[in-house]
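**Q** My questions all concern the structure below.
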Amino acid sequence: MVGCMSSWVAFRGFSTTFEQRLKWRAYHITLPLLSCTMAEYLASIYGTEKDKVNCSFYFKIGACRHGERCSRKHVKPTFSQTILIANMYKNPAHEQLYTIPPDQLQQDFDLFYEDVFMELAKFGEVEEMIVCDNIGDHLVGNVYCQYRYEEAAGNAVDSLNDRFYAGRPLYAELSPVTDFREACCRQHEIAECNRGGFCNFMHLRHPSRALKRDLQDAQRLSIREKERESRQKRREEEDDRHSSRHDSDHRRYKYDDDR
1 MVGCMSSWVA FRGFSTTFEQ RLKWRAYHIT LPLLSCTMAE YLASIYGTEK DKVNCSFYFK
61 IGACRHGERC SRKHVKPTFS QTILIANMYK NPAHEQLYTI PPDQLQQDFD LFYEDVFMEL
121 AKFGEVEEMI VCDNIGDHLV GNVYCQYRYE EAAGNAVDSL NDRFYAGRPL YAELSPVTDF
181 REACCRQHEI AECNRGGFCN FMHLRHPSRA LKRDLQDAQR LSIREKERES RQKRREEEDD
241 RHSSRHDSDH RRYKYDDDR
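Using full-length UniProt numbering, the first residue of the sequence shown is number 1, and each one after it goes up by one.
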């Protein structure tokens, strides 16, 4: 009987230890899975309205009406294809006490758009440039430019922050915006936004179609010309290297003959 009890106690002890091992293994196997799942979940909601840490408006639009007072984080990118030049465009319609004819407004805006596009294109290939027509402080006159390469965007920001336009200093920064479709007000595009110029989504002011087409064509021609010049320069450098090696070999052979 004692032997049976001893065996039972020993078996209970073994059973408890075995259960602990199972729990330990289950915990250490499940924890990474939970961590992975949580990381995937956090990544999936990053920058959305479900994200309670990061500001969805800043992530989508690159600007937030609360500014530095926002209760959520504004994560400024260190690398981006998109730049923001804050409050650059001054819409005369927002400042004049008299009515300006629509044709004159469009003509003035086209001149502004062409001037800015041509300057920004000096830093690299521009994929898209948009101008906000909102009147809220955080969006009024904002110019966004999306480059093909991040390096071009970085160079543009570095240069523009030392520049003035129309007598006012420029304030440029890298923007987290990657998709302008998500940043634009869909209701405004169909003339149904009831928030007007104070809407927190972008209300765009569009250049004339002819101007936009001409600018894109001019950029393509400029890119092709630069590529042609680059190829020509590489060929010339390669020819110079071949010529230099030929001259070196010729001098060496001549020295050998003299010897």
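Ideal Cβ positions, reconstructed from N, Cα and C, are used throughout, including at glycine.
Among Asn-54, Phe-59 and Asp-115, which has the Cα closest to the Cα of Ser-71?
**A** Stepping through the sequence shown from its first residue, residue 71 is reached at position 71. Residue Asn-54 is the option with its Cα nearest to Ser-71.
**Q** Could you check what DSSP says for Val-143 in three-state terms: helix, strand or coil?
**A** As a working note, residue 143 is residue 143 in the sequence shown. Residue state, collapsed to three classes: strand.
**Q** Based on the DSSP output, what are the partners of Met-129 in its beta bridges?
**A** The residue you call residue 129 lines up with position 129 of the sequence shown. Cys-145, per the DSSP bridge assignment.
**Q** Report the rounded CA-to-CA distance for Phe-109 versus His-206, giving the unit in angstroms.
**A** One-based indexing of the sequence shown puts residue 109 at position 109. One-based indexing of the sequence shown puts residue 206 at position 206. Those two C-alpha atoms are separated by around 9 Å.
**Q** Would Pro-77 and Leu-174 be called neighbours here (beta carbons separated by less than 7 Å)?
**A** Residue 77 sits at position 77 when you count from the first residue of the sequence shown. Residue 174 sits at position 174 when you count from the first residue of the sequence shown. Yes, the Cβ-Cβ distance between Pro-77 and Leu-174 is below 7 Å.
**Q** Taking the alpha-carbon positions, what's the Asn-87 to Gln-187 distance?
**A** Start at 1 with the first residue of the sequence shown, and residue 87 comes out as number 87. Start at 1 with the first residue of the sequence shown, and residue 187 comes out as number 187. Taking the straight line from one Cα to the other gives about 23 Å.
**Q** Go through its chain and collect everything with a Cβ distance to Asn-155's Cβ below 8 Å, but skip five positions before and after it.
**A** On the sequence shown, residue 155 is found 155 positions in, with the first residue counted as 1. Same-chain partners within the cutoff: Phe-123 and Gly-124.
**Q** If you reduce the DSSP assignment to three classes, tell me which class Asn-155 lands in.
**A** Numbered from its first residue, the sequence shown carries residue 155 at position 155. Asn-155: helix per DSSP, three-state reduction.
**Q** Could you give the DSSP three-state label for Leu-170: helix, strand or coil?
**A** Walking along the sequence shown from the start, residue 170 turns up at place 170. Of the three classes helix, strand and coil, the one that applies to Leu-170 here is coil, per DSSP.
**Q** What do you get for His-203, buried or exposed, if any count of 16 or more other CB atoms within 10 angstroms of its CB means buried?
**A** Position 203 of the sequence shown holds residue 203. Counting Cβ neighbours within 10 Å, His-203 comes out buried, since at least 16 surround it.
**Q** Since I believe Ile-61 is in contact with Val-157 (beta carbons under 8 Å), could you give me their beta-carbon distance rounded to a whole number of angstroms?
**A** For the purposes of this step, residue 157 is taken as the residue at position 157 of the sequence shown. For the purposes of this step, residue 61 is taken as the residue at position 61 of the sequence shown. Contact doesn't hold; Cβ gap of about 18 Å is too wide.
**Q** Could you check which residue in Glu-151, Tyr-147 and Gly-141 has the C-alpha nearest to that of Leu-170?
**A** As a position in the sequence shown, residue 170 is number 170, starting the count at 1. Looking at the Cα atoms, Gly-141 is the closest of the given residues.
**Q** Per DSSP, what kind of secondary structure is Ile-85 in: helix, strand or coil?
**A** Sequence index remark: in the sequence shown, residue 85 carries index 85 (1-based). Note: Ile-85 maps to strand in three-state DSSP.
**Q** If you follow the alpha helix (DSSP H) that His-188 is in, where does it begin and where does it stop?
**A** For the purposes of this step, residue 188 is taken as the residue at position 188 of the sequence shown. Run containing His-188: 186–189, per the alpha helix (DSSP H) assignment.
**Q** Which residues share a DSSP beta bridge with Asn-54?
**A** The sequence position of residue 54 within the sequence shown is 54, counting from 1. Answer by DSSP bridge pairing, in chain order: Lys-73.
**Q** Identify whether Ser-80 lies in helix, strand or coil by the three-state DSSP scheme.
**A** Numbered from 1 along the sequence shown, position 80 holds the residue referred to as residue 80. Residue state, collapsed to three classes: coil.
**Q** Might you give, ordered along the chain, the residues of its own chain that have their beta carbon closer than 7 Å to the beta carbon of Arg-224, omitting 5 neighbours on each side?
**A** Position 224 of the sequence shown, counting from 1, holds the residue named residue 224. Cβ neighbours of Arg-224 beyond the five flanking positions: none.
**Q** From Asn-161, His-94, Ser-243 and Ile-85, pick the residue whose C-alpha is nearest to that of Gly-197; which is it?
**A** Residue 197 sits at position 197 when you count from the first residue of the sequence shown. Here the closest residue by C-alpha is His-94.
**Q** CB-CB under 6 Å to Cys-193, same chain, minus the five flanking residues each way: which ones, in chain order?
**A** Residue 193 sits at position 193 when you count from the first residue of the sequence shown. Once the five neighbours on either side are set aside, the close Cβ partners of Cys-193 are Cys-185, Gln-187 and Cys-199.
**Q** To the nearest angstrom, how far is it from the Cα of Val-126 to the Cα of Asp-239?
**A** Translated into positions along the sequence shown, residue 126 becomes position 126. Translated into positions along the sequence shown, residue 239 becomes position 239. Between Val-126 and Asp-239, the C-alpha separation is close to 33 Å.
**Q** Helix, strand or coil for Ser-175? Go by DSSP, reduced to three states.
**A** As a position in the sequence shown, residue 175 is number 175, starting the count at 1. Strand, per DSSP.
**Q** Answer yes or no: do Val-177 and Ile-85 have a C-beta to C-beta separation smaller than 7 Å?
**A** Position 177 of the sequence shown holds residue 177. Position 85 of the sequence shown holds residue 85. Not in contact: Val-177 and Ile-85 (Cβ atoms no closer than 7 Å).
**Q** Which of helix, strand or coil does DSSP assign to Phe-164?
**A** Position 164 of the sequence shown holds residue 164. Strand, per DSSP.
**Q** Sort Ala-172, Phe-201 and Arg-231 by Cα distance to Phe-180 and report the nearest one.
**A** As a working mapping, residue 180 is identified with position 180 in the sequence shown. Considering only alpha carbons, the answer is Phe-201.
**Q** Is the beta carbon of Ala-153 closer than 7 Å to that of Asn-161?
**A** Stepping through the sequence shown from its first residue, residue 161 is reached at position 161. Stepping through the sequence shown from its first residue, residue 153 is reached at position 153. Their beta carbons are not under 7 Å apart, which means Asn-161 does not touch Ala-153 by this criterion.
**Q** Under the DSSP definition of a beta bridge, which residues are partnered with Met-202?
**A** For this step, residue 202 is matched to residue 202 along the sequence shown. Looking at the DSSP assignment, Met-202 forms a beta bridge with Cys-184.
**Q** For Tyr-41, which residues of its own chain have a beta-carbon under 8 Å away from its beta-carbon, when the five flanking residues on both sides are left out?
**A** By 1-based counting over the sequence shown, the position of residue 41 is 41. At Tyr-41, the pLDDT of 48 sits below 50, so the modelled position is not reliable and the matter cannot be decided from this model.
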